[in-house]
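Peer 1: Just so you know, our numbering puts 462 at position 227 of the sequence shown, and the rest follows in order with no gaps.
Note that beta-carbon positions come from the ideal geometry of N, C-alpha and C, so glycine has one too.
My structure is below; once you've seen it, I'll send some questions.
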Amino acid sequence: MIKRDFYLNQLIEKRNSSKVKIITGIRRCGKSYLLSKLYKNYLLENGVKEDQIIIVEFDDEKWDSLLEKGKLRTYIEQAANDEKKQYYIFLDEIQLVENFVRAVNSLNKHENYDIYITGSNSKFLSKDINDEFKDRGTEINVRPLSFSEFYDAFEGDKRYALKTYLKFGGMPGLFEEKTELAKENYLDNLMKKVYIDDIKSNINTSLVSELSATVDALCSVTGNLTNALNMANYLATNRKISVNYQTIEKFFEGITNAFLFDQVKRYNIKGKEYLMTPSKFYCQDIGLRNVRINFREPNEGFLIENIVYNELKTRGYRVDVGFIEQRAKNKDDKMVYKQLEVDFIARISSKEYYIQIMDNKPEGSHLDNEYDALIKIPNSFKKIIVINHLFNSFYDENGILNISLEEFLLNKNSLDL
């Protein structure tokens with residue numbers, strides 16, 4: 236059994252609250268498993284009877300009779316008709332129900348109904364779904380398996396597990412595929428037949444080849460700054476595809492609403508302001524990204540960067556990419572402004588961390604740049620360098636925590652060592 240304790244604990248904390256629990260996330264990341272397997276088992280182990288849990292899975296044709304307007308409410312109210320009992324209502328793939336927001340809000344008026352919904356296709360992928368429920372819903376966003384979740388279910392040692400994870404990512408369905416070829420085909424089918432189709436429907440576009448090329452390009456430039464205009468130029472130059480930047484912006488919105496990629500803004504650390512463009516895109520699952528570039532990796536540093544970003548988001552951090560501006564002499568001995576990049580700024584509650592990523596510990600100017608950016612940050616928040624190399628973590632003479640990628644991924648408290 237794959238453990239999803241981070242999300243399970245969120246469900247437990249929100250249990251019996253008056254708000255509808257809205258479970259969102261990229262398709263096939265384990266939302267239904269979390270609810271109908273893990274959370275149901277928790278309820279049964281803690282005194283809830285089987286007849287108090289009502290599960291309706293709308294992607295199963297046996298429930299087709301409930302898809303029409305008004306039928307769902309009638310069924311639930313007949314099945315959960317004892318006002319003295321607390322009922323737990325699980326509605327999976329709720330977006331298939333006609334006028335589902337109104338139906339769910341109507342059911343939620345029953346004080347003894349604790350309602351949980353999941354959904355995944357184009358009607359449910361948009362961030363606007365939460366606006367429909369306003370203050371009557373609370374979102375739990377589920378992501379693909381973190382490395383610690385993956386390793387917990389993996390049969391093999393840590394190094395081999397990490398190597399496998401860096402290649403194939405953390406989609407739970409991979410554990411059902413026994414060969415590397417089967418895993419590759421599984422990921423390829425997800426991208427072609429699930430995600431691209433969902434995004435196409437969500438943004439109502441007929442430009443499928445252009446959309447697909449944009450997804451491929453984002454996979455290729457992961458970790459690089461880009462915007463819609465740059466992407467349009469990239470496609471024109473490298474793929475001979477002509478598409479205007481307004482259409483690319485529409486693609487970006489559909490891709491991020493589908494939880495396939497996260498778009499991360501840049502933050503000026505000294506100026507304390509966000510830049511709207513350019514930004515970086517990180518794929519929510521590294522295996523999905525890798526399959527679109529045929530598992531080529533000319534720069535493993537960007538792959539490691541994506542893995543670290545996903546881990547930070549899984550732990551609940553708000554994440555930006557940062558930079559420091561400083562004056563320095565150029566090759567002509569003139570004073571100019573130079574930007575020093577900080578890979579990630581991670582925030583949670585009142586805590587703030589500045590994080591640099593290294594594929595391996597480099598020598599020379601690149602190492603100097605990584606350290607310079609952290610040293611020049613004008614505050615006392617923690618500075619960290621995550622390195623894809625095995626060693627015992629330590630604090631250097633500048634007070635910077637140096638930690639291995641493996642330890643960072645497996646220790647949920649690694650930022651506070």
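Is there contact here, the stretch 405-424 with the stretch 261-271, by at least three beta-carbon pairs under 8 angstroms?
Peer 2: Because the criterion of three Cβ pairs below 8 angstroms is met, the stretch 405-424 and the stretch 261-271 touch.
Peer 1: Between the Cα of Gly-458 and those of Tyr-544, Lys-238, Ile-257, spot the shortest distance and give me the residue it belongs to.
Peer 2: For the residues Tyr-544, Lys-238, Ile-257, the minimum Cα distance to Gly-458 belongs to Tyr-544.
Peer 1: When DSSP labels each residue in this structure, what does Cys-518 get in the three-state scheme?
Peer 2: Three-state result, Cys-518: strand.
Peer 1: Helix, strand or coil: how does DSSP classify Ala-338 here?
Peer 2: Helix.
Peer 1: Below 8 angstroms on the Cβ atoms is my guess for Phe-382 versus Leu-575; work out the distance and round it to an integer in Å.
Peer 2: About 29 angstroms separates the two Cβ atoms, so there is no contact after all.
Peer 1: Buried or exposed for Met-593, going by 16 or more other Cβ atoms inside 10 Å?
Peer 2: Label assigned to Met-593: buried.
Peer 1: Unbroken beta strand (DSSP E) runs of length 3 or more, entirely within the stretch 565-644: which are they?
Peer 2: Listed in chain order, the complete beta strand (DSSP E) runs (minimum 3 residues) inside the stretch 565-644 are 570-583, 586-593, 617-622, 636-639.
Peer 1: Determine the burial state of Thr-549: buried for a count of at least 16 other Cβ atoms within 10 Å of its Cβ, exposed for fewer.
Peer 2: So Thr-549 ends up on the buried side.
Peer 1: Taking C-alpha atoms, which residue in Asp-349, Lys-500, Arg-239, His-624 lies nearest to Thr-373?
Peer 2: It is Asp-349 whose Cα lies nearest to the Cα of Thr-373.
Peer 1: Asp-555 to Tyr-509, Cα distance in whole Å?
Peer 2: One C-alpha to the other measures close to 9 angstroms.
Peer 1: As an exercise, report each continuous alpha helix (DSSP H) stretch of at least 4 residues that is fully enclosed by the stretch 477-558, in chain order.
Peer 2: Listed in chain order, the complete alpha helix (DSSP H) runs (minimum 4 residues) inside the stretch 477-558 are 480-492, 521-527, 535-549.
Peer 1: Within a Cβ cutoff of 8 angstroms, which residues of the same chain sit near Ile-638, ignoring the five residues on either side of it in sequence?
Peer 2: Here the set comprises Ile-619, Ile-620, Val-621, Ile-622, Ser-628, Ser-649, Leu-652.
Peer 1: Considering only the beta carbon of each residue, do Val-377 and Tyr-274 sit closer than 8 angstroms?
Peer 2: Not a contact, by the Cβ cut-off of 8 angstroms.
Peer 1: Could you spell out the range, first to last residue, of the beta strand (DSSP E) harbouring Ile-438?
Peer 2: Element bounds for Ile-438: not the beta strand (DSSP E) but the alpha helix (DSSP H), 431-438.
Peer 1: Can you give me the Cβ contacts of Ile-476 inside the same chain, cut-off strictly under 7 angstroms, excluding the 5 residues immediately before and after it?
Peer 2: Cβ within range, chain order: Glu-445, Ala-448, Leu-470.
Peer 1: Let me check understanding here. Comparing Cα to Cα, which of Leu-625, Tyr-589, Ala-338 lies closest to Gly-634?
Peer 2: When only C-alpha atoms are compared, the closest one is Tyr-589.
Peer 1: Note down the Cα distance separating Asn-424 from Lys-485, rounded to an integer number of angstroms.
Peer 2: Answer to the nearest angstrom: the Cα atoms are 24 angstroms apart.
Peer 1: Within 10 Å of its beta-carbon, does Phe-616 have 16 or more other beta-carbons around it, so buried, or fewer, so exposed?
Peer 2: By the neighbour-count rule (16 or more Cβ atoms within 10 Å), Phe-616 is not buried but exposed.
Peer 1: Here's a check: name, in chain order, each residue in its chain whose Cβ is nearer than 8 angstroms to the Cβ of Ile-375, leaving out the five neighbours to either side.
Peer 2: For Ile-375, where only same-chain residues beyond five positions count, the Cβ hits under 8 angstroms are Tyr-242, Gln-245, Leu-246, Lys-249, Lys-256, Ile-257, Ile-258, Thr-259.
Peer 1: Nearest-angstrom Cα distance between Glu-292 and Phe-335?
Peer 2: Taking the straight line from one Cα to the other gives about 14 angstroms.
Peer 1: Which residues in the same chain as Glu-605 place their Cβ atom closer than 7 angstroms to its Cβ, once the five residues preceding and following it in sequence are excluded?
Peer 2: For Glu-605, where only same-chain residues beyond five positions count, the Cβ hits under 7 angstroms are Gln-591, Met-593, Ile-620.
Peer 1: Skipping 5 residues on each side, what residues in its chain have a beta carbon closer than 7 angstroms to that of Glu-419?
Peer 2: Excluding positions up to five away in sequence, the list reads Val-526.
Peer 1: To which residues does DSSP link Thr-326 through a beta bridge?
Peer 2: At residue 326 the sequence reads Leu, which differs from the Thr that was named. Answer by DSSP bridge pairing, in chain order: Val-291, Ile-352.
Peer 1: For Phe-558, count the other beta carbons within 10 Å of its own beta carbon; 16 or more makes it buried, fewer makes it exposed. Which is it?
Peer 2: Flag for Phe-558 reads buried.
Peer 1: Short check: CB of Lys-611 to CB of Gln-561, under 8 angstroms?
Peer 2: Yes, Cβ-Cβ distance for Lys-611 and Gln-561 is below 8 angstroms.
Peer 1: So which of Ile-288, Asn-340, Gln-313 has the shortest CA-CA distance to Phe-325?
Peer 2: Among Ile-288, Asn-340, Gln-313, the Cα nearest to that of Phe-325 is on Ile-288.
Peer 1: Starting from the Cα of Phe-194, find the closest Cα among Lys-393, Arg-582, Leu-453 and give me that residue.
Peer 2: For the chain, the structure presents residues 236 to 652; residue 194 sits outside this window and is missing.
Peer 1: Out of Ile-261, Lys-238, Leu-460, which one is the CA nearest neighbour of Gly-489?
Peer 2: Here the closest residue by C-alpha is Ile-261.
Peer 1: Short check: CB of Gly-522 to CB of Phe-403, under 8 angstroms?
Peer 2: Yes; because the gap between Cβ atoms is below 8 angstroms, this pair is in contact.
Peer 1: Taking the DSSP output, what are the residues bridged to Thr-259?
Peer 2: According to DSSP, which records beta bridges pairwise, Thr-259 is partnered with Asn-376.
Peer 1: For Lys-320, which of Glu-296, Ser-455, Glu-285, Ala-463 has the nearest alpha-carbon?
Peer 2: If we check each option's Cα against that of Lys-320, Glu-285 comes out closest.
Peer 1: Bridge partners of Glu-560, per DSSP?
Peer 2: According to DSSP, which records beta bridges pairwise, Glu-560 is partnered with Gln-574.
Peer 1: Using DSSP bridges, identify the partner residues of Thr-461.
Peer 2: According to DSSP, which records beta bridges pairwise, Thr-461 is partnered with Ser-514.
Peer 1: Going by the beta-carbon positions, is the gap between Ile-311 and Leu-331 smaller than 8 angstroms?
Peer 2: In this structure, Leu-331 does not lie closer than 8 angstroms to Ile-311 by Cβ.
Peer 1: Taking the Cβ atom as the reference point for each residue, do Lys-238 and Glu-333 lie within a distance shorter than 8 angstroms?
Peer 2: No, Cβ-Cβ distance for Lys-238 and Glu-333 is not below 8 angstroms.
Peer 1: Between the Cα of Glu-318 and those of Glu-346, Val-339, Met-426, spot the shortest distance and give me the residue it belongs to.
Peer 2: Of the candidates Glu-346, Val-339, Met-426, the one whose C-alpha sits nearest the C-alpha of Glu-318 is Glu-346.
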